[in-house]
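Trainee: Letter by letter, the sequence shown follows residues 1 to 203 in UniProt numbering.
From the three backbone atoms N, C-alpha and C, an ideal C-beta is built for every residue, glycine too.
For clarity, every value in this text was computed on a predicted model and none was experimentally measured.
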Amino acid sequence: MKQHRLQLHLSQQELAALSGISLRTIQRIERGNSTGSPYVIRTLCKSLDIDLEDLVSDPDHHMEETATAIPVGSMNPVKDTYDRRLKYINFSALSVLCFPFLNLVLPAVCYFVFKKSLSGVHNTEAAMKILSLQILWSVFVVILMIAISVVDHYLFGIDEVMEIPLFIWGYLALVILLVLITLKTAGDINYKKRLLTFIPNIL
């Protein structure tokens, strides 16, 4: 079990919080002091997104696989398909086309609505990545709009292009970028690829 946990970059505390199994029980199982009840084993398998056979098979085989494994960053660790609700969370970011910064609100609302239905570590991590993207994008937009206004005021004095303020053009460019990233993420969900690898999880 420890090998599967480490492959997902989860600490014992994080696995305990994710599965609802006590930290002490997880520690006893990993040390070999306990085999765990059928309920505990099933719950941990579900949280680690693995089959029961994977957990009870020869540990030496797992050690060998881990030693020769391809680095996590260059492989596709998603074993099962993503939950369809993850698509709703992702596409809700397009609400930014209707109202500025609505992408910050609607995906968060969708996540809390679907939170209990998202099973598996890969779904939870993917949802956190999508929400992190919305937060980082929104913060960057605010900073960029202020920077464009200040720099233009003191250095260029352009003010408007086609009767539209310069900072609005900057905002529109970033909206287009967010739309493209959202569409790319939707494709990655369909093909079971790791999502938003260039975005740090800040949640």
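Going by CA-CA distance only, name the one from 183, 139, 123 and 199 that's closest to residue 104.
Mentor: Counting from one through the sequence shown, the residue named residue 104 turns up at place 104. Sorting 183, 139, 123 and 199 by C-alpha distance to the C-alpha of residue 104 places 139 at the top.
Trainee: Are residue 86 and residue 189 close, meaning C-beta to C-beta below 8 Å?
Mentor: In the sequence shown, residue 86 corresponds to position 86, counting from 1. In the sequence shown, residue 189 corresponds to position 189, counting from 1. Less than 8 Å divides the Cβ of residue 86 from the Cβ of residue 189.
Trainee: Would residue 32 be called buried (16 or more neighbouring beta carbons within 10 Å of its own) or exposed?
Mentor: Taking the sequence shown and counting its residues from 1, one reaches residue 32 at position 32. Label assigned to residue 32: exposed.
Trainee: Can you tell me which of the three DSSP states residue 70 falls into?
Mentor: For the purposes of this step, residue 70 is identified with residue 70 of the sequence shown, where counting begins at 1. For residue 70, the predicted structure reports a pLDDT of 40, less than 50, and the residue's modelled location is therefore unreliable. The matter cannot be settled from this model.
Trainee: May I ask which residues mark the beginning and end of the alpha helix (DSSP H) holding residue 102?
Mentor: Taking the sequence shown and counting its residues from 1, one reaches residue 102 at position 102. It is not in any alpha helix (DSSP H) - residue 102 carries neither H nor E in the DSSP assignment.
Trainee: Under 8 Å: do the segment 161-172 and the segment 84-99 share three or more Cβ pairs, one atom per stretch?
Mentor: Result no; under three Cβ-Cβ pairs closer than 8 Å.
Trainee: Between 152, 135, 181 and 118, which has its C-alpha nearest residue 201's C-alpha?
Mentor: If you number the sequence shown from 1, residue 201 lands on position 201. For residue 201, the nearest C-alpha among the options comes from 135.
Trainee: Alpha carbon to alpha carbon, how far is residue 111 from residue 155?
Mentor: Working through the sequence shown from its first residue, we reach residue 111 at position 111. Working through the sequence shown from its first residue, we reach residue 155 at position 155. C-alpha separation (whole angstroms): 43 Å.
Trainee: Taking buried to mean at least 16 other C-beta atoms within 10 Å of its own C-beta, is residue 141 buried or exposed?
Mentor: The residue given as residue 141 occupies position 141 in the sequence shown. When all chains shown are included, residue 141 counts as buried.
Trainee: Under the three-state reduction of DSSP, which class applies to residue 181: helix, strand or coil?
Mentor: As a first step, residue 181 must be located in the sequence shown, where it is residue number 181. DSSP places residue 181 in helix when its eight states are reduced to three.
Trainee: Suppose you measure from the CA of residue 178 to the CA of residue 137; what does that come to, to the nearest Å?
Mentor: Taking the sequence shown and counting its residues from 1, the one referred to as residue 178 is at position 178. Taking the sequence shown and counting its residues from 1, the one referred to as residue 137 is at position 137. Each residue's Cα considered, the two are about 8 Å apart.
Trainee: So the alpha helix (DSSP H) residue 91 belongs to, where does it begin and stop?
Mentor: The residue you call residue 91 lines up with position 91 of the sequence shown. Note, residue 91: alpha helix (DSSP H), 84-91.
Trainee: May I have the straight-line CA-CA distance separating residue 90 from residue 130, to the nearest angstrom?
Mentor: Indexing the sequence shown from 1 puts residue 90 at position 90. Indexing the sequence shown from 1 puts residue 130 at position 130. Distance between the alpha carbons of residue 90 and residue 130 is about 6 Å.
Trainee: Using a threshold of 8 Å, state whether the C-beta atoms of residue 124 and residue 133 are closer than that.
Mentor: To locate residue 124, count along the sequence shown from 1; it is residue 124. To locate residue 133, count along the sequence shown from 1; it is residue 133. Not closer than 8 Å, so no.
Trainee: Write down the C-beta distance between residue 204 and residue 161 rounded to the nearest angstrom, noting that I regard them as a contact closer than 8 Å.
Mentor: Because the chain spans 1 through 203 in this model, residue 204 falls outside it and cannot be assessed.
Trainee: Can you give me the start and stop residues for the alpha helix (DSSP H) that residue 25 sits inside?
Mentor: Numbered from 1 along the sequence shown, position 25 holds the residue referred to as residue 25. First-last of the alpha helix (DSSP H) with residue 25: 23-31.
Trainee: Between which two residues does the alpha helix (DSSP H) harbouring residue 128 extend?
Mentor: Counting from one through the sequence shown, the residue named residue 128 turns up at place 128. Looking at the DSSP string, the run of the alpha helix (DSSP H) that includes residue 128 is 121-151.
Trainee: For residue 26, tell me which candidate among 1, 152, 9 and 84 has the shortest Cα-Cα distance.
Mentor: Stepping through the sequence shown from its first residue, residue 26 is reached at position 26. That would be 1, whose Cα lies nearest to the Cα of residue 26.
Trainee: Just to check my reading of the structure: residue 50 and residue 4 have Cβ atoms closer than 8 Å, yes? What is that Cβ distance to the nearest angstrom?
Mentor: As a first step, residue 50 is located in the sequence shown; it is residue number 50 there, counting from the start. As a first step, residue 4 is located in the sequence shown; it is residue number 4 there, counting from the start. Correct: roughly 6 Å between the Cβ atoms.
Trainee: Per DSSP, which residues does residue 164 bridge with? Please list them.
Mentor: As a working mapping, residue 164 is identified with position 164 in the sequence shown. 161, per the DSSP bridge assignment.
Trainee: Considering only C-alpha positions, which residue in the set 39, 28 and 198 is nearest to residue 126?
Mentor: Counting from one through the sequence shown, the residue named residue 126 turns up at place 126. Checking every option, the nearest Cα to that of residue 126 belongs to 198.
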